[in-house]
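Report on the structure given below.
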Amino acid sequence: MRLTVIAAVGVGAMIGALLRLWAQRALNLSALSPVGTLLVNIIGSFVLGVMSGGLAHKAGTAWYYAITAGFCGSLTTFSSITMEVFKMIQLLETLRAFAYLAFTIGLGMLGFITGYWSGSKLLQL
Numbered sequence: 137m138r139l140t141v142i143a144a145v146g147v148g149a150m151i152g153a154l155l156r157l158w159a160q161r162a163l164n165l166s167a168l169s170p171v172g173t174l175l176v177n178i179i180g181s182f183v184l185g186v187m188s189g190g191l192a193h194k195a196g197t198a199w200y201y202a203i204t205a206g207f208c209g210s211l212t213t214f215s216s217i218t219m220e221v222f223k224m225i226q227l228l229e230t231l232r233a234f235a236y237l238a239f240t241i242g243l244g245m246l247g248f249i250t251g252y253w254s255g256s257k258l259l260q261l
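For the sequence shown, the numbering used here assigns the number 261 to the last residue and increments by one with no breaks.
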C-alpha cells in the first residue's frame, strides 16, 4: 500500500473521529437519547453509499480510502451503539433500546441506499 493512501486514511479518520466526538457531546441529550450517534451513523452510511454508488470510480485511490475507510470508518460507530443499547437495558428501557437499534439499522440502510442512488446519478453527469 502506498504511503499517500496510508496518510489519506489517517487524515480522513481524524476528521471523522473529531466530528463523531463533537456530535456525541453536543447532541446526545442523555443515555436514553443518543441523537448524535444516530445522526453520525446515518451521515456515514449516506457518504459510504455515495462512494459505492459511483463516485468511487471518479475519486482517486487515496481519496476513496480517505473517505470510506478513514472518514466513514471513524465517523460511524458500532461500539457506541452497543454501549448505548446496553445502558438503556440497564435502565430497564428495553423497548426503547430495541427501537433505537431498529431505527439505527433502518435509517442507516435508508441513508446508504439514498447515497448509493445519488452516487450512481452523479456518475451519469
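Note that CB positions come from ideal geometry on N, CA and C, so glycine has one too.
Element boundaries [alpha helix (DSSP H), containing residue i]
i: Ser254; result: Thr230 to Leu259
i: Leu163; result: Leu139 to Leu163
i: Met187; result: Element bounds for Met187: n/a, residue is neither H nor E.
i: Ile203; result: Where Ile203 is concerned, there is no enclosing alpha helix (DSSP H), given that its DSSP letter is neither H nor E.
Beta-carbon proximity list for residue i, same chain, < 6 angstroms, skipping 5 on both sides
i: Ser188; result: Tyr252
i: Ala198; result: Thr140, Val141 and Ala144
i: Val183; result: Cys208
Residue i classed as buried or exposed, judged by whether at least 16 other C-beta atoms fall within 10 angstroms
i: Phe207; result: buried
i: Arg156; result: buried
i: Ser210; result: buried
i: Thr218; result: exposed
i: Phe222; result: exposed
i: Ser181; result: buried
i: Leu174; result: buried
i: Ala238; result: exposed
i: Ala162; result: exposed
i: Gly247; result: buried
Close-in-space but distant-in-sequence residues of the same chain around residue i (CB under 7 angstroms, 5 per side omitted)
i: Leu258; result: Gly190 and Leu191
Residues bridged to residue i (per DSSP)
i: Ser166; result: Ser169
Residue-chain proximity (residue i, chain D), Cβ-Cβ < 8 angstroms
i: Asn177; result: The structure shown contains no chain D; it is built from a single protein chain.
Three-state secondary structure assigned by DSSP to residue i
i: Leu227; result: coil
i: Gly180; result: helix
i: Gly209; result: helix
Own chain partners of residue i with C-beta closer than 8 angstroms, once the 5 adjacent residues on each side are dropped
i: Leu227; result: Ala167 and Leu168
i: Thr230; result: Met224
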